[in-house]
Amino acid sequence: MYHRWCRAAIAVVFVLVSVETPALGRAAVGVTAYPGLEIHQGSVVCVIGFVEPQMRIAFSAGRCNGDPMVTDRYGNAVGAVTLAGQATVSEVAVDGAAAGVDYEVITLAPEVAATDLLPTGLRLQSKPGFRVQPGARVCEATAARQRCGRVDTVTESRFVIAGMDADQHEIGAPVYVLDDDNHALIAGLLDGVRGSISEAQSWPAVMRQVYLDSRSVDSTQPPSQGRTIGS
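So the sequence shown is residues 2 to 232, counted in our numbering.
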């Protein structure tokens with residue numbers, strides 16, 4: 002089921018961005034979009050969580066969508082938000098995590114290079130059927146560092162990590178598992194930080210929501226900026 006959602010979501014988003022790509026600023030030569038890159042949207046600072054190099058799109062958390070134009074920390078254009086989903090569920094789960102899923106899809110600027118390599122040099126992969134389990138060791142990477150912790154609780158759409166001690170400016174960052182072959186498998190996107198407790202949205206839940214939202218978008222009326230679902 003996850004494999005179907007993932008492939009379908011990427012395919013539908015690719016068609017969507019081909020039709021609805023907003024005007025993108027010019028990127029400086031040498032700018033590369035990668036999982037772990039710090040991005041700025043207005044006054045909001047976040048991190049890219051996943052990059053699909055061939056389709057030239059990137060993913061981050063929906064709460065990062067303070068402005069549709071995405072730049073790096075130096076003000077260089079990275080891309081623009083094409084589709085975003087914001088959680089509308091007001092109920093709070095037992096562990097304090099919101100039940101909704103939010104995300105943003107970023108279309109990369111033409112001059113920006115795209116890679117799925119983490120700052121550690123490992124390639125961030127999406128594995129069909131993979132879901133993180135309680136007790137698993139997961140890591141989160143930015144350009145500055147890699148931090149790791151243990152999964153505490155898992156729900157259908159989210160999981161809580163103990164001992165990772167992430168930062169609020171790292172929202173959207175990739176959370177991944179290192180398998181026995183030292184492959185980095187994406188487990189989710191960082192979505193909340195409370196002291197040494199971090200929360201992440203599961204990657205299968207994000208992909209499912211992207212698929213559902215992108216199907217509902219009417220591509221016959223291109224907007225002047227990225228669409229936000231559920232705001």
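Glycine is no exception: its CB is placed at the ideal position from the N, C-alpha and C atoms.
| Query | Result |
| --- | --- |
| Please go through the same chain and pick out, in chain order, the residues whose beta-carbon is closer than 6 Å to the beta-carbon of serine 61, but skip the five residues on each side of it. | Cys47, Ile49, Gly50, Glu105, Gly173 |
| Does the count of Cβ pairs from the stretch 130–149 and the stretch 58–72 closer than 8 Å reach three? | no |
| Considering valine 113, what are the terminal residues of the beta strand (DSSP E) in which it resides? | Neither: valine 113 is in no beta strand (DSSP E) and is coded neither H nor E. |
| Do threonine 116 and tyrosine 35 have their C-beta atoms closer together than 8 Å? | yes |
| Check whether the Cβ atoms of proline 69 and valine 52 sit closer than 8 Å, and answer yes or no. | no |
| According to DSSP, what are the bridge partners of phenylalanine 262? | For residue 262 there is no data in the structure shown, the boundaries of the chain being 2 and 232. |
| Is it buried or exposed for tyrosine 75, if we count other Cβ within 10 angstroms and need 16 for buried? | exposed |
| Exposed or buried, glycine 196, counting other C-beta atoms within 10 Å across all chains shown (16 or more means buried)? | exposed |
| Would you mind sorting isoleucine 230 into buried or exposed? The rule is 16 or more other CB atoms within 10 Å of its CB. | Because the pLDDT at isoleucine 230 is just 43, under 50, the model does not fix this residue reliably, and the value given afterwards should be weighed accordingly. With 16 or more other Cβ atoms within 10 Å, it is buried. |
| So what does alanine 188 bridge to, in DSSP terms? | Alanine 188 is not bridged to any residue. |
| In this structure, does DSSP put glycine 150 in helix, strand or coil? | strand |
| Drop a sphere of 10 angstroms on the beta-carbon of arginine 124, count the other beta-carbons inside from all chains shown, and report buried for 16 or more, exposed for fewer. | exposed |
| Between glycine 164 and the rest of its own chain, which residues show a CB-CB distance below 7 Å, the 5 nearest in sequence each way excluded? | Gly150, Arg151, Ser197 |
| Classify alanine 34 as helix, strand or coil using the three-state DSSP reduction. | strand |
| Reducing DSSP to helix, strand and coil, say where serine 215 ends up. | helix |
| With a threshold of 6 Å on Cβ separation, who are the neighbours of valine 161 within its own chain once the five nearest residues in sequence on each side are excluded? | Asp96, Asp153, Thr154, Glu200 |
| Check whether the Cβ atoms of alanine 59 and glycine 80 sit closer than 8 Å, and answer yes or no. | yes |
| Within a Cβ cutoff of 7 Å, which residues of the same chain sit near leucine 213, ignoring the five residues on either side of it in sequence? | none |
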